[in-house]
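**Q**
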Amino acid sequence: MQRYFVTPAQFAGDRVEITGDDARHITKVMRGKLGDKFIVSDGESREALVGIEEMDGACVHAAVIEELEMKNEPRLAVTIAQSLPKGDKMETVIQKCTEIGAASFVPFLSERTIVQYDAKKEGKRLARWRKIAKEAAEQAHRNRIPSVEQPLSWKQLLATFTAYDAVYFCYEKEEGSQIGDALKPFVERALQEPLSRASLLLVVGPEGGFTEEESRAAEAAGAVSVGLGRRILRCETAGMAALVCALYESGEMGGV
Ligand code: SAM
Numbered sequence: 046m047q048r049y050f051v052t053p054a055q056f057a058g059d060r061v062e063i064t065g066d067d068a069r070h071i072t073k074v075m076r077g078k079l080g081d082k083f084i085v086s087d088g089e090s091r092e093a094l095v096g097i098e099e100m101d102g103a104c105v106h107a108a109v110i111e112e113l114e115m116k117n118e119p120r121l122a123v124t125i126a127q128s129l130p131k132g133d134k135m136e137t138v139i140q141k142c143t144e145i146g147a148a149s150f151v152p153f154l155s156e157r158t159i160v161q162y163d164a165k166k167e168g169k170r171l172a173r174w175r176k177i178a179k180e181a182a183e184q185a186h187r188n189r190i191p192s193v194e195q196p197l198s199w200k201q202l203l204a205t206f207t208a209y210d211a212v213y214f215c216y217e218k219e220e221g222s223q224i225g226d227a228l229k230p231f232v233e234r235a236l237q238e239p240l241s242r243a244s245l246l247l248v249v250g251p252e253g254g255f256t257e258e259e260s261r262a263a264e265a266a267g268a269v270s271v272g273l274g275r276r277i278l279r280c281e282t283a284g285m286a287a288l289v290c291a292l293y294e295s296g297e298m299g300g301v
């Protein structure tokens with residue numbers, strides 16, 4: 046069933062107003078009719094099955110039919126920090142990791158980041174990334190849209206590490222600790238209570254990888270250096286692989 050994200054302010058009691066692109070999608074693409082049903086989520090605490098009551102071109106007025114339980118979000122909030130890759134790979138990272146269950150994205154610049162960061166142009170790219178996150182979250186029946194933050198410098202990224210319960214520096218030269226070795230004790234400790242939640246930051250390098258200096262700086266800032274197996278993954282694959290490991294280990298896909 047089609048789903049749309051709205052702001053909490055668009056809900057008023059047992060009514061909701063859909064506007065903008067979403068209203069156009071309902072009326073033009075879905076050819077909505079009075080009574081048609083779809084799901085609306087405010088991305089925070091409310092999700093409901095609603096039915097169209099009135100359409101006046103720019104706005105679709107709908108009535109709540111049934112409040113829905115918001116149970117599609119992982120207990121482990123995983124943030125993907127991705128050194129800006131070339132071309133449209135960042136769009137792939139955002140789309141696929143949103144489908145899998147990432148909580149947020151932090152693009153950053155590191156020594157071997159190839160793309161030049163142009164703050165003026167970035168505004169358009171950031172808006173496109175956020176649109177991709179919203180559409181992927183709707184398609185994946187997520188209860189919330191992952192945030193896509195402004196790109197950070199390497200030093201700015203290091204300073205955020207203390208905000209997370211754990212930080213894994215995905216390092217292609219790491220031959221010791223693999224991600225599964227780090228995840229097991231972390232999940233056992235951080236998610237042992239059924240309703241407990243935790244946060245994890247996964248740091249992934251660009252096509253050229255990380256320097257030794259960056260590896261040392263990341264560990265000094267509190268990250269754990271982890272391998273993702275003996276194969277070298279493309280930068281746009283590595284975050285997905287690490288995210289799946291983290292969500293599997295935290296019980297999102299059964300099995301553990
Ligand atoms: N240029 C590097 C090389 O040839 O060794 C490869 C960098 S890889 C394309 C891009 C990023 O993906 C790395 O910086 C790392 O964050 C992650 N990555 C890829 N394979 C990995 C692995 N086996 N273990 C840990 N991280 C990996």
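If you count the sequence shown from 1, position 179 lands on 224 in our numbering, and the numbers rise without skipping.
Glycine included, each C-beta is placed from N, C-alpha and C at the ideal position.
#1: What residues are listed by DSSP as bridge partners for VAL109?
#2: Going by DSSP, what residues sit across from PHE270 in a beta bridge?
#3: Per DSSP, ILE187 forms a beta bridge with which residues?
#4: I'd like to check one pair, ALA283 with VAL249: are the Cβ atoms closer than 8 Å?
#5: Measuring from the CB of TYR216, is there a heavy atom of the ligand SAM at a distance below 7 Å?
#6: DSSP beta-bridge partners for PHE83?
#7: How many whole angstroms separate the CB atoms of MET46 and LYS73, which I take to be in contact at a CB cut-off of 8 Å?
#8: State the CB to CB distance for the pair LEU288 and ILE125, rounded to an integer number of angstroms; the pair is presumed to be in contact (CB under 8 Å).
#9: Quick one: residues in its chain with C-beta nearer than 6 Å to the C-beta of SER295, no 5 flanking neighbours on either side, listed in chain order?
#10: Across the segment 189-198 and the segment 147-160, are there enough close Cβ pairs to call them in contact, namely three or more that are closer than 8 Å?
#11: Taking the straight line between their C-alpha atoms, what separation do you get for VAL123 and ALA211?
#12: Let me check one thing: in DSSP terms, what residues is ARG60 bridge-paired to?
#13: So, are the CB atoms of GLN140 and ILE177 less than 8 Å apart?
#14: Is MET285 helix, strand or coil by DSSP?
#15: At a cut-off of 7 Å, is ILE277 close to the ligand SAM when judged by its beta-carbon and the heavy atoms of the ligand?
#16: Take TYR49 as the anchor and find which of MET135, GLY132, ALA181, GLU136 has the nearest alpha-carbon.
#17: From LEU228 to VAL51, what does the alpha carbon distance come to, in whole angstroms?
#18: What does the alpha-carbon distance come out to for the pair GLU136 and GLU99?
#19: Can we say the segment 51-70 touches the segment 84-92, given the rule of at least three CB pairs closer than 8 Å?
#20: In whole angstroms, give me the CA-to-CA distance for SER302 and ALA185.
#21: Closer than 8 Å by C-beta to ASN188: which residues in its own chain qualify, once you throw out the five before and the five after it? Chain order, please.
#22: Got a sec: is the Cβ-Cβ distance from VAL232 to anything in chain B below 8 Å?
#23: Would GLU252 and CYS280 qualify as a contact pair, given that the criterion is a beta-carbon distance under 8 Å?
#24: Using only the alpha-carbon positions, how far apart do GLU220 and ALA268 sit?
#25: Going by C-alpha distance, which of ILE277, PRO230, PRO239 is nearest SER255?
**A** Walking through what the data contain:
#1: By DSSP's assignment, VAL109 forms a beta bridge with VAL95.
#2: For the sequence presented, residue 270 should be read as Ser rather than Phe. Bridge partners of SER270 according to DSSP: PHE214.
#3: Checking the sequence shown, residue 187 turns out to be Arg, not Ile. Answer by DSSP bridge pairing: none, since ARG187 is not bridged.
#4: yes
#5: yes
#6: VAL95
#7: Not confirmed; about 19 Å, so no contact.
#8: So it is a contact: roughly 7 Å between Cβ atoms.
#9: LEU121, VAL232, LEU236
#10: Taking 8 Å as the limit for Cβ pairs, the verdict is that the segment 147-160 does touch the segment 189-198.
#11: 10 Å
#12: ALA57, ALA108
#13: yes
#14: DSSP places MET285 in helix when its eight states are reduced to three.
#15: yes
#16: Closest in C-alpha terms to TYR49, from the list MET135, GLY132, ALA181, GLU136, comes ALA181.
#17: 35 Å
#18: 36 Å
#19: Under the three-pair Cβ rule at 8 Å, the segment 51-70 counts as touching the segment 84-92.
#20: Past the boundaries of the shown model lies residue 302; the chain is included only from 46 to 301, so the question cannot be answered.
#21: In the same chain as ASN188, and ignoring 5 residues on each side of it, the C-beta atoms closer than 8 Å to its own belong to SER86, GLY88, GLU92, MET115, LYS116, ASN117, GLU118, in chain order.
#22: The chain labelled as chain B is not found in the depicted structure, where only one protein chain is given.
#23: yes
#24: 16 Å
#25: Sequence inspection shows Phe at residue 255; the Ser mentioned does not correspond to that position. The candidate whose alpha carbon is nearest that of PHE255 is ILE277.
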